[in-house]
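If you read the sequence shown in full-length UniProt numbering, its first letter stands for residue 1, the second for the next number, and so on. Since the structure comes first, as structure tokens, the remarks are kept for the end.
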Amino acid sequence: MEGSMAGLSLDDEEDEIIHLEREVTNQEISYVNCLVGVFLTSSVVHFQAMRSTLASVWHPISGVSISDMGKERYLFRFYYEVDVERVIKNGPWNFNSHLLILHRLQQGEDPLSVLLHWVDFWILIYDLPLGFMADAVAHRLGNFIGEFIEYDSAAVQLGYKRIMRVKVKVDVRKPLKRKKRIALKNGESVYVRF
């Protein structure tokens, strides 16, 4: 009997691969109308104060459930689509001067592994020369700053100053861009500021 057992090895069985497929079940957590967020800070965020402040500021129709997921991430569960859209549209948000990076969860996404590095900002572009208040210019400058999202064509004009307003997705891991040199038709170049 000892001789027959000598050839057995648990390692062989343990090293065999079992191919499994993930199945969607009704018991899985639904993240419909949910945002996951993280605060851009190394400080501790006081959860109770943050929860009551954001619920008060956002004032959703039927409230919002805010959960601490660990790993400095928070789950924001809304009951109506309109509330989620309003929070996203009116961002970015902050608490105690700490930027809140939000991501709308899609079907199948894991809130603990979603990358949270991008924030949508409205950027003002100053010192644009005459004739440069155009959609194509907004796209080019927006893509230089980050990733272009939207151009507010109702440009603000303050006297002789022209200001372009562009919504841009910015990677918070990168330094903010402050200016860009653009070429004029006469061969000269000027800086526009952000």
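Glycine residues also receive a C-beta, built at the ideal position from the N, C-alpha and C atoms. All of these numbers come straight from a predicted model, not from anything done at the bench.
| Distance, GLU14 Cα to LEU20 Cα | The sequence position of residue 20 within the sequence shown is 20, counting from 1. The sequence position of residue 14 within the sequence shown is 14, counting from 1. Each residue's alpha carbon lies about 15 Å from the other.
| query | Quick one: what's got a C-beta closer than 7 Å to VAL32's C-beta in the same chain, skipping five residues either side? | reply | Position 32 of the sequence shown, counting from 1, holds the residue named residue 32. There are no such residues.
| message | Determine whether the beta carbon atoms of ARG181 and TYR191 lie at a separation below 7 Å. | response | Taking the first residue of the sequence shown as 1, we reach residue 181 at position 181. Taking the first residue of the sequence shown as 1, we reach residue 191 at position 191. Against a cut-off of 7 Å, the Cβ pair of TYR191 and ARG181 comes out as a contact.
| Collapsed DSSP secondary structure at ASN26 in the structure displayed | Residue 26 sits at position 26 when you count from the first residue of the sequence shown. With a pLDDT of only 49 at ASN26, under the threshold of 50, the placement of this residue in the model should not be trusted, and no figure is reported.
| Nearest CA to the CA of VAL137: which residue from LEU184, TYR74, CYS34 and ILE61? | Residue mapping note: residue 137 aligns to position 137 of the sequence shown, counting from 1. For VAL137, the closest alpha carbon among the candidates LEU184, TYR74, CYS34 and ILE61 is that of LEU184.
| Spatial distance of PHE95 from GLY37 (CA atoms) | Residue 95 sits at position 95 when you count from the first residue of the sequence shown. Residue 37 sits at position 37 when you count from the first residue of the sequence shown. In a straight line, the C-alpha of PHE95 is about 12 Å away from that of GLY37.
| Exposed or buried, which one is GLY142 when buried takes at least 16 other CB atoms within 10 Å? | Your numbering for residue 142 matches position 142 in the sequence shown. Buried, by the Cβ-count rule.
| query | Counting pairs of Cβ atoms below 8 Å between the stretch 41 to 59 and the stretch 91 to 105, do you hit three or more? | reply | yes
| Expressed to the nearest angstrom, what Euclidean distance is found between the alpha-carbon atoms of ARG140 and HIS117? | On the sequence shown, residue 140 is found 140 positions in, with the first residue counted as 1. On the sequence shown, residue 117 is found 117 positions in, with the first residue counted as 1. Distance between the alpha carbons of ARG140 and HIS117 is about 22 Å.
| query | Among SER30, ARG77, VAL114 and GLU150, which has the Cα closest to the Cα of LYS71? | reply | Counted from its first residue, the sequence shown places residue 71 at position 71. When only C-alpha atoms are compared, the closest one is VAL114.
| said: Taking the alpha carbon of PHE39 as the reference point, which residue from GLY63, HIS59, ASP68 and VAL57 has its own alpha carbon closest? | reply: Taking the first residue of the sequence shown as position 1, residue 39 is located at position 39. The option with the nearest alpha carbon to PHE39 is ASP68.
| request: Between the Cα of LYS174 and those of TYR151, ASP110, GLY146 and TYR80, spot the shortest distance and give me the residue it belongs to. | output: As a first step, residue 174 is located in the sequence shown; it is residue number 174 there, counting from the start. Cα-wise, what sits closest to LYS174 is GLY146.
| request: Inspect the CB distances between the stretch 75 to 88 and the stretch 52 to 67 and report whether three or more fall short of 8 Å. | output: yes
| Nearest-angstrom Cα separation, counted from GLY108 out to LEU101 | The residue given as residue 101 occupies position 101 in the sequence shown. The residue given as residue 108 occupies position 108 in the sequence shown. Before going on, a small fix: residue 101 reads as Ile here, not Leu. So the two alpha carbons sit approximately 20 Å from each other.
| query | Do you know how far the Cα of ILE125 is from the Cα of PHE194? | reply | For this step, residue 194 is matched to residue 194 along the sequence shown. For this step, residue 125 is matched to residue 125 along the sequence shown. Spanning the two alpha carbons is a distance of roughly 5 Å.
| The beta strand (DSSP E) with ASN94 in it runs from where to where? | Residue mapping note: residue 94 aligns to position 94 of the sequence shown, counting from 1. Note, ASN94: beta strand (DSSP E), 93 to 95.
| For ASP135, does the count of other Cβ atoms within 10 angstroms reach 16, so buried, or fall short, so exposed? | Start at 1 with the first residue of the sequence shown, and residue 135 comes out as number 135. Exposed: under 16 other Cβ atoms inside 10 Å.
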